[in-house]
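A.B. asks:
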Amino acid sequence: MLRVEKLEKSFDGFMAVNGVELSLDKERVVAVIGPNGAGKTTLFNLITGHLSPTRGKVWFKNQDITGLAPHRICHKGLSRSFQLINIFPQLTVYENVQVALLSQQKKVLKMLTPSKAMLEEETYSILEKVGLADYAGIQCTYLSYGDQKILEMAIALGNKPEMLMLDEPTAGMSPEETISTLRLIRDLAEKEKLFILFTEHNMNVVFDIAEKIMVMQQGRTIAQGLPAEVRADKQVQAAYLGEES
Amino acid sequence: MLNIMGDMSIERKMSWVKLISIGIIVIVLLFAPAYLSRYYLYLATLILVTILFATSLNLPLGYGGLLVLHQATFYGVGAYSFAILLKETGTPVLPAAAVALLSALILALFIGWICVRLRGLYFGFLTLAMGQLVWAIVYRWYDFTGGDDGIHAIPVPDMIRSEIGAYYVILAVVIVSLLLIYRVVKSPFGLTLQAVRDNPQRCESVGINIRNHRLIAFVMGGGFAGIAGVLFVILERSVAPPIMFWTHSVEILIMVLLGGMFTFLGPAFGAVALTLLATFFGIFTEYWLLFLGSIKIIMLLFLPQGVLGFVEEKITSKIRNKTV
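Quick mapping for you: the protein sequence lines, in order, are chains A and B.
Quick note: this note's numbering has the first sequence finishing at residue 535, numbered continuously throughout.
Quick note: this note's numbering has the second sequence finishing at residue 1310, numbered continuously throughout.
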């Protein structure tokens, strides 16, 4: 599905991402973990085209997508959410998701038909899936922080992706919200057959739901494998897990 | 959770209020020649042209978030193309207007294609610079544009020569144009345009080509400004370089900001208010610019969302309080 080969990104000589390797084939839920500043978000930006790599390749469904513009990568079926809330503040909850659907159906250049009722069913089906249907008509900035994070994910779902990349989906959420978000992620993987790649701070979260874990430190991949293998890895324990236990 | 249903009825009430007020405005406008003197009819016609001009700017500015600093370029090019065609070649009105519209569109496409590469203030200043370049050409090219003398006594056909004829033609074109712009704003393109304005980065991630979207909005705005320019020639039967000088663009920009750039009719309101203010302060005092300036400062300080933006906010919150 996704393969990242020797990916490098340097910012004026600082190697934010340094030779990262990652592959997703059979595993549906894969986590990228690592301390702050390890390069997780940069890696995401490199994969989704928001940054172009200094060296290395990104393959998605056996196509080379290295350096393509974000909107092109998105249309190939790779969709993402952001670590900081990144929604359309002046639009309603409904419209936030509708825009993504309109884009996915290549209807954004239609000019003479009213957009209001367009793709209504699809929009509501996504809103129901994530539990935001009740809030459809309100301006999205009135949502609670946790719900805005969920909306963030709903927008990404609007593109009907085959693979979803979530950058710290539960950051800043209350424990209850975290639990329901994790349930949602698992549902998406199992029922919707989505591939999900996510970054996360919370170790419990990761070992609970990830089928495979990649650990980054200072821009490098230091371990990759099943949760149990990663947990047992000496280097990982020294670098990261040690702090927690 | 509280007012999901409330919101629906707010929308319905708002749209009733809007519909009724628009109905009244249309009736008032239709019978304007019956009760307005010649001068006031001229003023009303000028205001109509300005309304279209201001609304044309609001498409890229308010809905697209593009800081277009020199919209008068396209207004001027529309006006000049129309004037030159009528005066020098004797082309009939409709084809001349079509060519004028086309020239405004082509110029907007050219300038826009270069400018959308930049963002924010840089974008704005580039539109300003390119617009002033066009102005300089018009100002200097005596053989073609009449230079700083402009073009006068433009032969407009008899039907639209009379004040009343001109008024109705301009009224019709302005209403049709506004309806078209309204449709565009409410279409998927318009919704996406607002999304591009609010969050371009996220738009890219949901697969929208933001540069393309911005360019289209910019070109459409330029086209409607060109139509307003044509209407201006029908009304005035003369053109001169000041109509495409940057200060004219700033005047229009202030109208849009004052009326409320996140509302559809805000720019129209700004156009009416500022044109009337300028006219009446001009009659009563020599220092009208001083008063006008003070009013503008006060309004921009206290009503940053514009007059209509402010009114809309008040009405919405009032109805919401009632329904909750």
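Even glycine gets a Cβ: it sits at the ideal position worked out from N, Cα and C.
Only a predicted model underlies this, so the values are computations on that prediction, with no experimental measurement involved.
1) Against chain A, does Asn1044 (chain B) count as a neighbour if the rule is that its beta carbon must be under 8 Å from one of theirs?
2) Using 8 Å as the limit for Cβ to Cβ distance, is Phe1175 (chain B) near chain A?
3) Looking at the structure shown, is Met401 (chain A) part of a helix, part of a strand, or coil, going by DSSP?
4) Might you give, ordered along the chain, the residues of its own chain that have their beta carbon closer than 8 Å to the beta carbon of Phe1130 (chain B), omitting 5 neighbours on each side?
5) Quick one: is the Cβ of Glu501 (chain A) within less than 7 Å of any heavy atom of the ligand HEM?
6) With 16 other CB atoms within 10 Å as the buried threshold, where does Met1145 (chain B) fall?
7) Check the Cβ-Cβ distances between Arg931 (chain B) and every residue of chain A, and say whether any is below 8 Å.
8) Between which two residues does the beta strand (DSSP E) carrying Thr489 (chain A) extend?
9) Kindly indicate which three-state DSSP category Gln507 (chain A) falls into: helix, strand or coil?
10) Ala1058 (chain B) and Met1230 (chain B) - do their beta-carbons sit closer together than 8 Å?
11) Does DSSP put Trp1121 (chain B) in a helix, in a strand, or in coil?
12) List, in order along the chain, the chain A residues whose C-beta lies closer than 8 Å to that of Arg1188 (chain B)?
13) For Ile1070 (chain B), name the three-state secondary structure that DSSP assigns.
14) Ends of the beta strand (DSSP E) at Lys299 (chain A)?
15) By the three-class DSSP mapping on this structure, what secondary structure does Gln513 (chain A) have?
16) According to the Cβ coordinates, are Ser1067 (chain B) and Ser1042 (chain B) closer than 8 Å?
17) Select from B:Ala1018, B:Ala1040 and B:Gln1187 the residue whose C-alpha is nearest the C-alpha of Leu1243 (chain B).
18) Quick one: using the 10 Å Cβ neighbour count with 16 as the cut-off for buried, is Phe1266 (chain B) buried or exposed?
19) State yes or no: is the beta carbon of Ala1040 (chain B) nearer than 8 Å to at least one beta carbon in chain A?
20) If you measure beta-carbon to beta-carbon, which residues of the stretch 1192-1208 of chain B are closer than 9 Å to chain A?
21) Mind checking the stretch 1123-1139 of chain B against chain A and listing, in chain order, the residues whose C-beta falls within less than 9 Å of any C-beta there?
22) Pop quiz: Ala1181 (chain B) and Leu381 (chain A) are said to be a contact at Cβ under 8 Å. What is the actual Cβ separation, rounded to whole angstroms?
23) State the start and end residues of the unbroken beta strand (DSSP E) segment that holds Phe350 (chain A).
24) Beta-carbon of Val505 (chain A) versus every beta-carbon of chain B: anything under 8 Å?
25) Alpha carbon to alpha carbon, how far is Phe1296 (chain B) from Thr356 (chain A)?
26) Out of B:Ala1214, B:Leu1119 and B:Leu1166, which one is the CA nearest neighbour of Trp1232 (chain B)?
27) Counting only Cβ pairs nearer than 8 Å, list the residues of chain A close to Gln1180 (chain B).
28) Start and end of the alpha helix (DSSP H) containing Met1241 (chain B)?
29) Taking the alpha carbon of His1150 (chain B) as the point to measure from, which residue in B:Arg1169, B:Leu1016 and B:Leu1112 has its own alpha carbon closest?
30) If you drop the 5 nearest sequence neighbours on each side, which residues of the same chain put their C-beta closer than 7 Å to that of Thr332 (chain A)?
31) Can you tell me where the beta strand (DSSP E) with Arg370 (chain A) in it begins and where it stops?
32) Contact between the stretch 1250-1261 of chain B and the stretch 1096-1104 of chain B is defined here as three or more beta-carbon pairs at a separation below 8 Å; is this criterion met?
33) Along the chain, where does the beta strand (DSSP E) that runs through Val310 (chain A) open and close?
34) For Ala1254 (chain B), which option in B:Pro1141, B:Ile1238 and B:Tyr1026 has the closest C-alpha, if you only look at C-alpha atoms?
35) Using the Cβ count rule (16 or more neighbours within 10 Å means buried), how would you classify Leu1275 (chain B)?
36) What span of residues does the beta strand (DSSP E) with Ala1086 (chain B) cover, start to end?
C.D. replies: Let's see:
1) For the purposes of this step, residue 1044 (chain B) is taken as residue 58 along the second sequence, with counting starting at 1. Taking 8 Å as the threshold, the shortest C-beta distance from Asn1044 (chain B) to chain A does not fall below it.
2) As a position in the second sequence, residue 1175 (chain B) is number 189, starting the count at 1. Yes, contact with chain A.
3) Here residue 401 (chain A) refers to the residue found at position 111 of the first sequence. Met401 (chain A) falls in the coil class under three-state DSSP.
4) Sequence index remark: in the second sequence, residue 1130 (chain B) carries index 144 (1-based). Within the same chain, Phe1130 (chain B) has close Cβ partners Ile1070.
5) Absent from the structure shown: the ligand HEM. Ligands present: none.
6) Mapped onto the second sequence, residue 1145 (chain B) falls at position 159. Result: exposed.
7) Chain B is shown only over 987 to 1310; residue 931 (chain B) falls outside these bounds and no answer can be derived.
8) In the first sequence, residue 489 (chain A) corresponds to position 199, counting from 1. Note, Thr489 (chain A): beta strand (DSSP E), Phe485 to Thr489.
9) Along the first sequence, one-based indexing puts residue 507 (chain A) at 217. Correct three-state label for Gln507 (chain A): strand.
10) To locate residue 1230 (chain B), count along the second sequence from 1; it is residue 244. To locate residue 1058 (chain B), count along the second sequence from 1; it is residue 72. A contact, by the Cβ cut-off of 8 Å.
11) Translated into the one-based positions of the second sequence, residue 1121 (chain B) becomes position 135. Here Trp1121 (chain B) sits in helix by DSSP.
12) Locating residue 1188 (chain B) in the second sequence gives position 202, counting from the first residue. The contacting residues are Phe372, Asn376, Ile377, Phe378 and Ile445.
13) Within the second sequence, the letter at position 84 stands for residue 1070 (chain B). Helix.
14) Locating residue 299 (chain A) in the first sequence gives position 9, counting from the first residue. Counting along the chain, the unbroken beta strand (DSSP E) around Lys299 (chain A) starts and ends at Leu292 to Phe301.
15) For the purposes of this step, residue 513 (chain A) is taken as residue 223 along the first sequence, with counting starting at 1. The residue asked about is misnamed: residue 513 (chain A) is Ala in this sequence, not Gln. Three-state DSSP puts Ala513 (chain A) in a strand.
16) Within the second sequence, the letter at position 81 stands for residue 1067 (chain B). Within the second sequence, the letter at position 56 stands for residue 1042 (chain B). For Ser1067 (chain B) and Ser1042 (chain B), no; Cβs fall outside 8 Å.
17) Position 257 of the second sequence, counted from the first residue, corresponds to residue 1243 (chain B). The option with the nearest alpha carbon to Leu1243 (chain B) is B:Ala1040.
18) For the purposes of this step, residue 1266 (chain B) is taken as the residue at position 280 of the second sequence. Phe1266 (chain B) should be labelled exposed.
19) Translated into the one-based positions of the second sequence, residue 1040 (chain B) becomes position 54. Answer no: the Cβ-Cβ gap between Ala1040 (chain B) and chain A never drops below 8 Å.
20) Answer set for the stretch 1192-1208 of chain B: Val1192, Gly1193, Ile1194, Asn1195, Ile1196, Asn1198, His1199, Ile1202 and Met1206.
21) Look at the stretch 1123-1139 of chain B: it has no residue with a C-beta under 9 Å from a C-beta of chain A.
22) Position 195 of the second sequence, counting from 1, holds the residue named residue 1181 (chain B). Position 91 of the first sequence, counting from 1, holds the residue named residue 381 (chain A). Contact flag correct, Cβ pair sits at about 6 Å.
23) If you number the first sequence from 1, residue 350 (chain A) lands on position 60. Per DSSP, Phe350 (chain A) belongs to the beta strand (DSSP E) from Arg345 to Phe350.
24) Residue numbering aside, residue 505 (chain A) sits at position 215 when the first sequence is read from its first letter. No - not a single Cβ of chain B is within 8 Å of the one on Val505 (chain A).
25) For the purposes of this step, residue 1296 (chain B) is taken as residue 310 along the second sequence, with counting starting at 1. For the purposes of this step, residue 356 (chain A) is taken as residue 66 along the first sequence, with counting starting at 1. A straight line joining the alpha-carbon of Phe1296 (chain B) with that of Thr356 (chain A) spans about 47 Å.
26) Counted from its first residue, the second sequence places residue 1232 (chain B) at position 246. Comparing Cα positions, the closest option is B:Leu1119.
27) Translated into positions along the second sequence, residue 1180 (chain B) becomes position 194. Within 8 Å Cβ-Cβ: Phe378, Gln380 and Leu381.
28) Your numbering for residue 1241 (chain B) matches position 255 in the second sequence. Following the DSSP letters along the chain, one finds Met1241 (chain B) inside the alpha helix (DSSP H) bounded by residues Trp1232 to Gly1245.
29) Locating residue 1150 (chain B) in the second sequence gives position 164, counting from the first residue. In the sequence as displayed, the identity of residue 1150 (chain B) is Ile instead of His. Ranking the options by Cα distance to Ile1150 (chain B), first place goes to B:Leu1016.
30) For the purposes of this step, residue 332 (chain A) is taken as residue 42 along the first sequence, with counting starting at 1. The residues are Lys299, Ala306, Val307 and Leu341.
31) Locating residue 370 (chain A) in the first sequence gives position 80, counting from the first residue. Secondary structure note for Arg370 (chain A): its beta strand (DSSP E) is the uninterrupted segment Leu368 to Arg370.
32) Remark: fewer than three beta-carbon pairs, one from each stretch, lie closer than 8 Å, so the stretch 1250-1261 of chain B and the stretch 1096-1104 of chain B are not flagged as touching.
33) The residue given as residue 310 (chain A) occupies position 20 in the first sequence. Phe304 to Leu314 is the extent of the beta strand (DSSP E) around Val310 (chain A).
34) Working through the second sequence from its first residue, we reach residue 1254 (chain B) at position 268. Ranking B:Pro1141, B:Ile1238 and B:Tyr1026 by Cα distance to Ala1254 (chain B) puts B:Ile1238 first.
35) Taking the second sequence and counting its residues from 1, one reaches residue 1275 (chain B) at position 289. Counting Cβ neighbours within 10 Å, Leu1275 (chain B) comes out exposed, since fewer than 16 surround it.
36) Within the second sequence, numbered from 1, the residue matching residue 1086 (chain B) stands at position 100. Counted as a single uninterrupted DSSP element, the stretch harbouring Ala1086 (chain B) is not any beta strand (DSSP E) but the alpha helix (DSSP H) occupying residues Val1079 to Cys1101.
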